[in-house]
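Read top to bottom, the protein sequences are chains D and U. Here the first sequence is numbered in the numbering used here, starting from 1 and rising by one per residue. Here the second sequence is numbered in the numbering used here, starting from 1001 and rising by one per residue. Below: one structure, written as structure tokens.
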Amino acid sequence: MIKAYSENYFQKTGIEKPLAPRESRWREGWSLLKRNRLAFVGLVIFLFFFLTALAGLFLTSGTKPVFDPAVVRLEEKLRPPLSHAKLEILSSDRVPRLGLYLFGTDELGRDVFSRMMQGAWVSLTVGFVAVGIAVLIGILLGGISGYYGQNSIRTDQIFLGVILLVGGSLVVMGITSLGIILLVIGGLLLIFLRWLKKRPVKGLSNAWTRLLSIRAISIDTFIMRFVDIMLCFPSFFLILTVVALLPASIYNIMIVIGLTSWMGTTRFVRAEFLSLRDQDFVTAARALGVSDRRIIFRHMIPNAIAPVLVSATISIATAILTEAGLSFLGLGVPPPHATWGNILSDGKNFIFDAPWLTFIPGVAILIVVLSFNLFGEGLRDILNPRLRERS
Amino acid sequence: MLSFIARNSIQKVITLFFVSVISFLVIHLAPGEPSQVDPLNPKFTPEMVERFRQQFHLDQPLTIQYAYFYRDLFTGKTVSWKDNQPVLKKVWERFKNSLWLFVVGTLLTWTLSFPIGIRSAIFRGGPYDRSATFFSYLLISIPGFFFAYVLIIIVVTTLHVPVIDMETFGLGSPPWYRWVMDRIWHLLLPSLLGATGGIAVLSRYVRSQMMEVESQDYVRTARAKGVPEEQVHYKHALRNALLPFVTMFGLILPGLIGGSVIIESIFAWPGMGRMAYEAILARDYPIVLTVNFISAVLVLVGTFISDVLYMVVDPRIRL
Chain D
1 MIKAYSENYF QKTGIEKPLA PRESRWREGW SLLKRNRLAF VGLVIFLFFF LTALAGLFLT
61 SGTKPVFDPA VVRLEEKLRP PLSHAKLEIL SSDRVPRLGL YLFGTDELGR DVFSRMMQGA
121 WVSLTVGFVA VGIAVLIGIL LGGISGYYGQ NSIRTDQIFL GVILLVGGSL VVMGITSLGI
181 ILLVIGGLLL IFLRWLKKRP VKGLSNAWTR LLSIRAISID TFIMRFVDIM LCFPSFFLIL
241 TVVALLPASI YNIMIVIGLT SWMGTTRFVR AEFLSLRDQD FVTAARALGV SDRRIIFRHM
301 IPNAIAPVLV SATISIATAI LTEAGLSFLG LGVPPPHATW GNILSDGKNF IFDAPWLTFI
361 PGVAILIVVL SFNLFGEGLR DILNPRLRER S
Chain U
1001 MLSFIARNSI QKVITLFFVS VISFLVIHLA PGEPSQVDPL NPKFTPEMVE RFRQQFHLDQ
1061 PLTIQYAYFY RDLFTGKTVS WKDNQPVLKK VWERFKNSLW LFVVGTLLTW TLSFPIGIRS
1121 AIFRGGPYDR SATFFSYLLI SIPGFFFAYV LIIIVVTTLH VPVIDMETFG LGSPPWYRWV
1181 MDRIWHLLLP SLLGATGGIA VLSRYVRSQM MEVESQDYVR TARAKGVPEE QVHYKHALRN
1241 ALLPFVTMFG LILPGLIGGS VIIESIFAWP GMGRMAYEAI LARDYPIVLT VNFISAVLVL
1301 VGTFISDVLY MVVDPRIRL
């Protein structure tokens, strides 16, 4: 009935009936992407790289891999790319797949193609996991400081935080007993403060409670000063320090790169949240009584995510470069495992005799990083509303 | 203005304090100890290790160690754990070497990226602009260490000049013009490599800034009233487009230290980055912490200078 009424209404008044946009946002974005040739190429290369890395993970691992990156053939060292294996001197289980070295062999006679396949997965996961960590921290801290920034931290909360932090770090350091005692004290204090808030005790002197509830510093200031502090460290140098001191493993590298590169995202998200907070649709939502969580996740994050996505895509490129640089310095993934950085770093000693050992991983890194950069820039254009309207 | 400077400097000192605490904690809480760096060395008897620990206050609690370290740093008495040389003297010597790279690299960056960016903006969409865009992406994406080897191969095989290290080995004391030429050849590649990323990023930034200004109303007005095209670009648009770059003079300061580790290692350039890298590997904490502290100071001073410059240049900004 309502439908009939509205049909009637539009006919009578002659107002154009509101239509849903002819194309959904995704399809519109897709058509914009296809028009942006560089970004499209970037996306295609990225998908190709993703499939290669996935294939590399399955084809080079296991007990009898299809492409074995670990077989050492000392009689076949430094063979150029596309050369055939000498079947007469190799025992049958050491013959490479297809009987030929697609990318040549290195100084131990290992098949460079298999090693590249194995290394692709490392580059991919380092890029995505590190940036994932950074973006998560960035959205969390930036969101808190943009949305709840005006609230302030009270002295009792600082006190509590310091006790818990010191306790936790003591446990991590290995002084377990003292750490656990501090953690327990902190926990009891937490419960006590909760209880105190519910029913204020008359007996406690007023001065003490007042001292404990001074509004010391606003959350926004606190988080942003922390960002400033983190920005003071030269990032590659910091990563280098931490990676050199920790035991060498791929997970440490991912975590360290992630933990040292969240500052940009935090600033982005905070700025977006600050401007979105005061916009009418958020005020309207708040006036309707929508809960904070729903406002943040359904109304604000979808509107704030565009610049984050762009910067995330570009930071994946940076993270891959950083990992390759660390591998190159010999601080990356421990040796038997191949990464593009350490293939290049081993190959540089034979740069005049076996240039493919330098050029194949170098060009591979270049192409992958380039594809992420191009795609990120294209994404920026696609998500830019000014360009969207013009098309 | 004065109140801004006062407030800002207090804030920066507080930040610096926290940076010093965090960097100290990161280094000292990491697993492993400097006294155990070489456990298989027969010279390191337990007594030696104990003496070592006592000499450098390693047997004290962390807070005391922190106080000792920064007291020594400010009085200039910090010594390296490896060779007992004063840290500040070592840093200063390496700093002089790094300064060469930094100055040449910065000059290259700033003199190349402005013409490229401005030309791209003026002829936007043309073949020049498109190839400049593509090359800047290429230069941002190329791994520095790979590019370094490509350039080394090209230069060494075609020009037959030595490029590794600061000067040709066994050069002795040649006449000054040979020394200058030798130094130029050795400087060229590492400083160019240090500048590539900067050139790519800065020229893109110049381009977008220039395009933004050129699309503003007053530029259209200038065109409409018949100002020659040349004058519109360089007198009306460029002057305003240059504003944000003034602030960048402050922000290049931290580049004195960071980011040159890989290039300095490849070219065996005895600079700060390489010293820091070697110190990290040898767990020579005083050097690591000192370099970290200096670079934090440079970052803070750099942002401070850029804020003040911005205020001086642009009267609309009130901080």
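Positions of the beta carbon are idealized from the N, C-alpha and C atoms, including for glycine.
DSSP three-state label for D/S152, please.
Here residue 152 of chain D refers to the residue found at position 152 of the first sequence. D/S152: strand per DSSP, three-state reduction.
Along the segment 302-321 of chain D, where does the CB come closer than 8 Å to a CB of chain U? Name the residues.
From the segment 302-321 of chain D, only A317, L321 have a Cβ closer than 8 Å to chain U.
When the cut-off is 7 Å and only beta carbons count, does D/N373 lie next to chain U?
Translated into positions along the first sequence, residue 373 of chain D becomes position 373. D/N373 counts as touching chain U.
Using a Cβ-Cβ distance under 7 Å, would U/S1009 count as near chain D?
Residue mapping note: residue 1009 of chain U aligns to position 9 of the second sequence, counting from 1. So, not an interface residue.
Output the boundary residues of the alpha helix (DSSP H) element that contains U/H1028.
As a working note, residue 1028 of chain U is residue 28 in the second sequence. Element bounds for U/H1028: 1002-1029.
Apart from the five residues just before and just after D/P81, which ones in its own chain have a Cβ nearer than 6 Å to its Cβ?
Sequence index remark: in the first sequence, residue 81 of chain D carries index 81 (1-based). The answer, listed in chain order, is F103, G104, W356.
Buried or exposed for U/H1236, going by 16 or more other Cβ atoms inside 10 Å?
The residue you call residue 1236 of chain U lines up with position 236 of the second sequence. U/H1236 comes out buried.
With a CB to CB cut of under 8 Å and the five nearest residues on each side skipped, what residues in its chain are close to D/G186?
Numbered from 1 along the first sequence, position 186 holds the residue referred to as residue 186 of chain D. The answer, listed in chain order, is L160, I163, L164, G167.
Within 10 angstroms of the Cβ of U/G1172, are there 16 or more other Cβ atoms? Answer buried if so, exposed if not.
Translated into positions along the second sequence, residue 1172 of chain U becomes position 172. U/G1172 comes out exposed.
Which of the three DSSP states, helix, strand or coil, is assigned to U/D1165?
The sequence position of residue 1165 of chain U within the second sequence is 165, counting from 1. Coil at U/D1165, not helix or strand.
Whole-angstrom Cβ separation of D/V310 and D/R267, contact assumed at under 8 Å?
Locating residue 310 of chain D in the first sequence gives position 310, counting from the first residue. Locating residue 267 of chain D in the first sequence gives position 267, counting from the first residue. No, D/V310 and D/R267 are not in contact; Cβ-Cβ is about 14 Å, not under 8 Å.
Judging by CA-CA distance, which residue of D/V243, D/G289, D/I191, D/M116 is the nearest neighbour of D/L57?
In the first sequence, residue 57 of chain D corresponds to position 57, counting from 1. Closest by alpha carbon: D/M116.
D/I382 and D/L32 look like a contact to me (Cβ under 8 Å); what is the Cβ gap, rounded to whole Å?
Position 382 of the first sequence, counted from the first residue, corresponds to residue 382 of chain D. Position 32 of the first sequence, counted from the first residue, corresponds to residue 32 of chain D. So it is a contact: roughly 5 Å between Cβ atoms.
Counting only beta-carbon separations shorter than 7 Å, does U/R1316 have a partner in chain D?
Here the question's residue 1316 of chain U lines up with position 316 in the second sequence. Not closer than 7 Å to any Cβ of chain D, the Cβ of U/R1316 fails to qualify, so no.
I want to see whether chain U comes within less than 7 Å of D/S391, judged by CB atoms only; does it?
Residue numbering aside, residue 391 of chain D sits at position 391 when the first sequence is read from its first letter. For D/S391, the pLDDT reaches just 42, beneath the cut-off of 50, and the residue's location in the model is therefore unreliable, although a value from the coordinates is still provided. False, the Cβ-Cβ gap to chain U never drops below 7 Å.
Taking only the alpha-carbon atoms, compute the straight-line gap between D/I316 and D/S371 and give it to the nearest angstrom.
Here residue 316 of chain D refers to the residue found at position 316 of the first sequence. Here residue 371 of chain D refers to the residue found at position 371 of the first sequence. Rounded to whole angstroms, D/I316 to D/S371 spans 11 Å at the Cα level.
If you follow the alpha helix (DSSP H) that U/A1268 is part of, which residue opens it and which one closes it?
One-based indexing of the second sequence puts residue 1268 of chain U at position 268. Premise fails: U/A1268 is in no alpha helix (DSSP H) and is neither H nor E.
Checking the sheet assignment: what are the DSSP bridge partners for D/H84?
If you number the first sequence from 1, residue 84 of chain D lands on position 84. Note: D/H84 sits in a beta bridge opposite D/L100.
With 7 Å as the limit, tell me which residues of the segment 1127-1139 of chain U have their beta carbon closer than that to any beta carbon of chain D; keep them in chain order.
Going along the segment 1127-1139 of chain U in chain order, one finds Y1137, L1138 with a Cβ nearer than 7 Å to chain D.
Against chain D, with Cβ distances strictly below 7 Å, would U/Y1149 count as a contact?
As a first step, residue 1149 of chain U is located in the second sequence; it is residue number 149 there, counting from the start. Answer yes: the Cβ-Cβ gap between U/Y1149 and chain D drops below 7 Å somewhere.
Is the segment 108-123 of chain D close to the segment 324-343 of chain D, with three or more CB pairs under 8 Å?
Because the criterion of three Cβ pairs below 8 Å is met, the segment 108-123 of chain D and the segment 324-343 of chain D touch.
Is the beta carbon of D/A319 closer than 7 Å to that of D/I257?
Walking along the first sequence from the start, residue 257 of chain D turns up at place 257. Walking along the first sequence from the start, residue 319 of chain D turns up at place 319. Yes.
Indicate the three-state DSSP secondary structure (helix, strand or coil) for D/P335 in the structure shown.
Sequence index remark: in the first sequence, residue 335 of chain D carries index 335 (1-based). D/P335: coil per DSSP, three-state reduction.
D/I314 bridges to which residues according to DSSP?
Along the first sequence, read from residue 1 onward, the residue named residue 314 of chain D stands at position 314. Beta-bridge pairing links D/I314 to no other residue.
What separation, rounded to the nearest whole angstrom, lies between the Cα atoms of D/S169 and D/L182?
Along the first sequence, one-based indexing puts residue 169 of chain D at 169. Along the first sequence, one-based indexing puts residue 182 of chain D at 182. Their backbone Cα atoms lie some 10 Å apart in a straight line.
Counting only beta-carbon atoms, is D/I382 nearer than 7 Å to chain U?
Indexing the first sequence from 1 puts residue 382 of chain D at position 382. No, D/I382 lies away from the interface with chain U (no Cβ there is under 7 Å from its Cβ).
Give the interface partners of U/I1257 over in chain D, defined as CB-CB distance under 7 Å, in chain order.
Locating residue 1257 of chain U in the second sequence gives position 257, counting from the first residue. Under the 7 Å cutoff, chain D gives P234.
Check whether chain U comes within 7 Å of D/A271, counting only Cβ atoms and requiring the distance to be less than that.
For this step, residue 271 of chain D is matched to residue 271 along the first sequence. Taking Cβ atoms only, chain U never reaches closer than 7 Å to D/A271, which makes this a no.
Under a three-way DSSP split, which group does D/S235 fall into?
Sequence index remark: in the first sequence, residue 235 of chain D carries index 235 (1-based). Looking at D/S235 - three-state DSSP - the assignment turns out to be helix.
Counting only C-beta atoms, is D/I229 closer than 7 Å to chain U at any point?
The count along the first sequence starts at 1 and reaches residue 229 of chain D at position 229. For D/I229, the answer is yes, since a Cβ of chain U falls inside 7 Å of its Cβ.
Residues of chain D with CB under 7 Å from U/S1103, in chain order?
Locating residue 1103 of chain U in the second sequence gives position 103, counting from the first residue. The question names Ser, but residue 1103 of chain U in the sequence shown is Val. Per Cβ cutoff of 7 Å: no residues; U/V1103 is ~19 Å from chain D at best.
In this structure, does DSSP put U/S1306 in helix, strand or coil?
Residue 1306 of chain U sits at position 306 when you count from the first residue of the second sequence. Helix, per DSSP.
At 9 Å on the CB atoms, spell out the chain U contacts of D/G362, in chain order.
On the first sequence, residue 362 of chain D is found 362 positions in, with the first residue counted as 1. In chain order: I1142, P1143, F1145, F1146, F1147, Y1149, V1150.
Among the candidates D/R73, D/A134, D/A248, whose CA atom is the shortest distance from the CA of D/G332?
For the purposes of this step, residue 332 of chain D is taken as the residue at position 332 of the first sequence. Ranking the options by Cα distance to D/G332, first place goes to D/A248.
Should D/I219 be listed as close to the ligand MG, given that the test is whether its C-beta is under 6 Å from any heavy atom?
Ligands are entirely absent from the displayed structure, and the ligand MG is therefore not among its contents.
Which residue's Cα is closest to the Cα of D/G109: D/L74, D/I367, D/G330?
Within the first sequence, the letter at position 109 stands for residue 109 of chain D. Selected option, being the one with the closest Cα: D/L74.
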